[in-house]
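Okay, so here's the structure we're looking at.
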Amino acid sequence: MYIENIEHFFLETPLYQKFDIDPDDGELLFDLIYFNDKIDCYCPFCDKDSTFIGTNKVPSFGGFKNDSFADMTRHSGYGIDYFLNKIHAIDLYCSRVEEHKMQIIVYITNSHIFKIGQFPSIAEISQPQLKKYRPVLTNEKYTELNRGVGLITHGVGIGAFVYLRRIFEDLIEEAHQILNKMDGWDEEVYTKARMNDKIEILKSELPEFLVDNKELYGILSKGIHELSEDECKEYFPTVKLGVELILDEKLEAKKKQDKIALAKKSIASIRRDIKDK
Ligand SMILES: [Zn+2]
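Counting the sequence shown from 1 gives a position; the numbering used here is that position plus 233.
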């Protein structure tokens, strides 16, 4: 597995995940270690969304300005070896308040790169974004969602998958509890059905994204039984995105229901007022 996106590597990649490095990855390592671009993310110190800016400076080899790996190689004679078998710290600061720092620590060997440290933690950056799901999750499931994201931050892949799967199963059970009270419900057929068929049976009460992406459950289950820690860590961001999309849809539906309830109440109250006159 290779690093495809530096921003994703900084903000989403769990610690200790192993990425391959090729001899021609000098440019990538240069851009990573001397990161001077901007990334948008939540700042836990501002308690607001912000933009972080990279501050690492390229050494001025022989007094030259080096804007690229090619410049560096030309002026210093160093190649990719210059970055290998070392620990590097990448510094960024919050554009809202300069004292708000972010640091990513990477260890680069001859053939691999690992993120071995990060401050603030991924959990601190991403957990505030989970707060919005509070209205559509029980206390227990909200805690578990946070725990899943917290675990992945500390490099625990399979455990994090378990928590996401529990949330998925809870959504299914919620729909089941609504529909099993309806006329013509066949509990025996439902109990014996496989998860894919259960989702199909419950489809009228489930978010569309979940129904259209039933295989998400398959991935979550596979994660727990067959995938390695590294595979779970690699797939976690995608699976989390899927769960978030399902929760987004529930959140939208809840907002609409709340609005309808409010409108009904107001209309009833107006009707009473008119009658009284
Ligand atoms: Zn800040």
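Idealized CB from N, CA, C, for every residue including glycine. Nothing here was measured: the structure is a model prediction, and the numbers come from that model.
- Membership of lysine 281 in the beta strand (DSSP E) is indicated by the continuous run 281-287.
- For methionine 234, the number of other beta carbons within 10 angstroms of its own is below 16, and it is reported as exposed.
- At a threshold of 7 Å, phenylalanine 278 counts as near ligand 1, since its beta carbon sits closer than that to one of the ligand's heavy atoms.
- Contact fails between the stretch 288-305 and the stretch 336-352, because fewer than three Cβ pairs, one in each stretch, are under 8 Å apart.
- Of the residues assessed, proline 368 falls on the exposed side of the cut-off, its CB having fewer than 16 other CB atoms within 10 angstroms.
- Phenylalanine 442 and isoleucine 400 do not touch by the CB rule: their CB atoms are close to 14 Å apart, not below 8 Å.
- DSSP places glutamine 410 inside the alpha helix (DSSP H), whose first and last residues are 390-412.
- Assigned with DSSP and collapsed to three states, isoleucine 320 falls in strand.
- CA-to-CA, the gap between phenylalanine 278 and arginine 329 works out to about 10 Å.
- Around the Cβ of aspartate 258, a 10 Å sphere holds 16 or more other Cβ atoms; the residue is buried.
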